[in-house]
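To start, the structure under review is shown below, and the notes come after it.
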Amino acid sequence: MEQSKLLYLRKKAAQIRRLIIEGVYNAGSGHPGGSLSCADVMAYLYFEKMNVSAADPQDPGRDRFVLSKGHASPALYAALALRGYFPAEEIKTLRKLGSRLQGHPDMHTVPGVDMSTGSLGQGFSAACGMAKAAKITGAKYHVYTILGDGESQEGEVWEAAMFAAHYKLDNLTAFLDYNKLQIDGDVREVMNPDPLDEKFRAFGWEVRFIDGHDFRQIEAAVSSGVSGRPLMIICDTVKGKGVSFMENAVGWHGKAPKQPEYETAVKELESALEEFAEVE
Amino acid sequence: MADIATRASYGRALADLGEKYMFAVMDADLSGSTQTKKFADKFPERFINCGIAEQNMIGVAAGIAATGMPVFASSFAMFASGRAYEQIRNSVGHTKLNVKICASHAGVTVGEDGATHQFCEDIAIMRSIPGMVVISPADDTEAYAAIEAILKYDGPVYCRLGRQAVPEVFDPATYKFELFKAVPLTQGDDCAVFAHGVMIDRALKACELLKTKGINISVIDTHTIKPLDENTVLEYAARTRNVVVVEEHSVIGGLGGAICELLSQKLPTPVTRLGINDVFGVSGKAGELLDYYGLSVDGIADAIRNSVKNKDGAQK
Ligand SMILES: Cc1ncc(C[n+]2csc(CCOP(=O)(O)OP(=O)(O)O)c2C)c(N)n1
Ligand SMILES: [Mg+2]
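Chains A and B, in that order, are what the protein sequence lines are.
FYI, the numbering for the first sequence is 4 to 283, going by the working numbering.
FYI, the numbering for the second sequence is 229 to 544, going by the working numbering.
Have a look at this one:
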């Protein structure tokens, strides 16, 4: 990956993180931890990989994205706003009565949201359905989805995993946000899903295990798909990444920062952004 | 008294009852929210976290109950009753096993999480399962007492709990909770208002408001929705000839549905159903959303006043 592209993507990820905090703070509730952990993958998808256009959000040929861990909606809204689907200012209406930015993504209110999600496990199945539909029609779009490591405890995830391999959905790329935390604690202590790589491999998937904050590794993994198999990219990530006091802290799964915390977070995120002031 | 959410009463009751009785408690990664954590901290060997796998939780609960050990199984109402509906229907309902599904965050008062988490159809689907007891306590005192009562009851129970803190309705020193028995809270002949859960407090406030306008209503806490306390419903319907049901639930299939089913057969009476009008919820603050869906104190009072007007019109 060229240095200029790397810096550009890192800048986009930093902007996404800044908007996540803006949204959750203004809402007074929401899920910062799991939004911040997948910000780099979101930046890569929306600013490098996916063939989508804000000018034509319903283009039948567009690539599809399903946020199966729908509670990370602030990350998706931030990426969509920065891509021009709606004004970034609107992130301040997140979760408020009358806002189209619902607590969990709603495909009928937000342009660019391809599937409504929020109930864990279901988005992954829907992504399989979109990929299967393309196999039927011969459409050339690709389907991307992000699920949580806690989410992988849902039985539906494994029903979908079996389905995707059975129907050879090589037009489906899934990211598993392996941030090792869920609501009640460490994923491995609550209900251990490990070894996830071996499990998905045994289910017939092509599997990569990468640092989910490293764009070079994300790019290498995304372009390593194999004909005839769905691709699972397990992303080793830090929940709360980018805001020091939220990092690896279980308490920041579903809680908004209060004003002093917000100010600290903004200071950190803005100083990260300064690094990219010259980056176009 | 500070306002208390019924899920907090649930957690406290479990932690207290654990000392006297042998039972297990299960959760699906929401033990802080459902408050089963209070039990988990005290009795870790009898607490089972299933991870985010509600269907498996209910299936396992059925297995544990089949050995003779009662089980409380908790998650948000959406996932406890919705996601695991078929497991509940076949492994808990059909088997009549001793599983108490105690579901928190029911209705629109979930708030900001929005439509996918605001389950306003839980009572409808749970009530349709043969033999399932369905309850929805009004405040801390009633919820705390109800948990012991359902533990002592042998069979499947669905108990609806709220996220929002609600004002005290009952005096803990004097209130005697009786499962299956509706509780008249006020007396008046103009209208019988049946309600449950978080709506009791608002119904009582509407009652106060109407009193100043010369309208007297009976407010009846119908904490047990199934089996319905038919005698009390019939008694108040006969006395007032004007029924209003207020619930934080779809107007389809909840307490309103249950009362209409009864009255249409045994005592045809006009019934106004106030609830969520066959729509999905939206994000917003809990109280704000109740108002938005017409369940503000003023909204309830207006609907009752209209029902009284219609009744008077019909009599003339
Ligand atoms: C079916 C279902 N059960 C429970 C929940 C409540 N819930 C929301 S987020 C969450 C934890 C998710 O953990 P994980 O998948 O690891 O997400 P992340 O760490 O990336 O935020 C739970 C239990 C839900 N949304 N859907
Ligand atoms: Mg996680």
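Backbone N, C-alpha and C fix where the C-beta goes; we use that ideal spot for every residue, glycine too.
Just so we're clear, the structure is a prediction, and the values are computed from it rather than from any experiment.
query: DSSP state of A:M235, grouped into three classes?; result: strand
query: Cβ of A:Q185 versus every heavy atom of ligand 2: is any distance shorter than 7 Å?; result: yes
query: Listed from N- to C-terminal order along the chain, which residues in the segment 514-527 of chain B have their beta-carbon within a distance smaller than 8 Å of any beta-carbon of chain A?; result: E516, L517 and Y520
query: Verify the contact flag: A:K242, CB atom, against every heavy atom of ligand 3, threshold strictly below 7 Å.; result: By its list of ligands, the structure shown excludes ligand 3, since it contains just ligand 1 and ligand 2.
query: When the Cα atoms are used, what is the spatial distance from B:I329 to A:A75?; result: 28 Å
query: Taking B:F305 as the query, report the chain A residues whose CB atoms sit under 8 Å from its CB, ordered along the chain.; result: The displayed chain sequence assigns Ala, not Phe, to residue 305 of chain B. The premise fails here: B:A305 is roughly 12 Å from chain A at the closest Cβ pair, so nothing lies under 8 Å.
query: Per DSSP, what are the beta-bridge partners of B:D449 in this structure?; result: B:V411 and B:A423
query: Using a beta-carbon distance below 8 Å, is A:S40 in contact with chain B?; result: no
query: Whose C-beta lies closer than 8 Å to the C-beta of A:I221 among residues of the same chain, with five residues either side of it excluded?; result: D43, V44, Y47, I213, G215, I236 and C238
query: Between A:Y170 and A:M53, is the Cβ-Cβ spacing less than 8 Å?; result: no
query: Taking just the CA atoms, how far does B:K433 sit from B:I528?; result: 9 Å
query: So, using beta-carbon positions, are B:V499 and B:V474 closer together than 8 Å?; result: no
query: For A:H107, which residues in chain B fall below 9 Å Cβ to Cβ?; result: D341, G342, A343, T344, H345 and S511
query: Which partner residues does B:Y386 have in the DSSP bridge list?; result: B:I329 and B:V362
query: For B:N277, list the residues DSSP reports as bridge partners.; result: B:D255
query: Cβ-heavy atom distance between A:V190 and ligand 2 below 7 Å?; result: yes
query: Where does the unbroken beta strand (DSSP E) through A:R67 begin, and where does it stop?; result: R67 to L70
query: List in chain order: all unbroken beta strand (DSSP E) runs of 3+ residues lying wholly within the segment 279-328 of chain B.; result: 299-304
query: Since A:P77 and A:L97 are thought to touch, with beta carbons under 8 Å apart, how far apart are those beta carbons, to the nearest angstrom?; result: 7 Å
query: Given this structure, state the Cα-to-Cα distance separating B:L490 from B:M354, to the nearest angstrom.; result: 18 Å
query: Starting from A:A30, find everything on chain B with Cβ-Cβ shorter than 9 Å and list it in chain order.; result: E340 and S511
query: Mind checking A:S226: buried by the 16 CB within 10 Å criterion, or exposed?; result: exposed
query: Rounded to whole angstroms, what is the Cα-Cα separation between A:S230 and A:A164?; result: 16 Å
query: Is it true that the segment 257-266 of chain A meets the segment 31-40 of chain A, where meeting means three or more beta-carbon pairs spaced less than 8 Å apart?; result: yes
query: Using a C-beta cutoff of 8 Å, does A:R98 count as contacting chain B?; result: yes
query: By alpha-carbon positions, which one of A:A168, A:S38 and A:E271 ends up nearest to A:Y132?; result: Note that residue 132 of chain A corresponds to Gly in the displayed sequence, not to Tyr. Cα-wise, what sits closest to A:G132 is A:A168.
query: Take A:Q61 as the anchor and find which of A:Y80, A:D117, A:L9 and A:V246 has the nearest alpha-carbon.; result: A:D117
query: So with Cβ pairs under 8 Å, would you call B:N284 a contact of chain A?; result: yes
query: Entirely within the segment 437-522 of chain B and at least 3 residues each: give me those beta strand (DSSP E) ranges in chain order.; result: 445-449, 452-454, 471-478 and 499-504
query: Does B:I280 come within less than 8 Å of chain A when only Cβ atoms are used?; result: yes
query: What does the alpha-carbon distance come out to for the pair A:G126 and A:D180?; result: 14 Å
query: Along the chain, where does the beta strand (DSSP E) containing A:G151 start, and where does it finish?; result: V146 to G151
query: Distance check for B:E247 and B:G291, CA to CA, integer angstroms please.; result: 23 Å
query: Tell me whether B:D530, by its Cβ, gets closer than 7 Å to a heavy atom of ligand 1.; result: no
query: Rounded to whole angstroms, what is the Cα-Cα separation between A:M194 and B:I286?; result: 16 Å
query: Does the separation of the CB atoms of B:I363 and B:I453 fall below 8 Å?; result: yes
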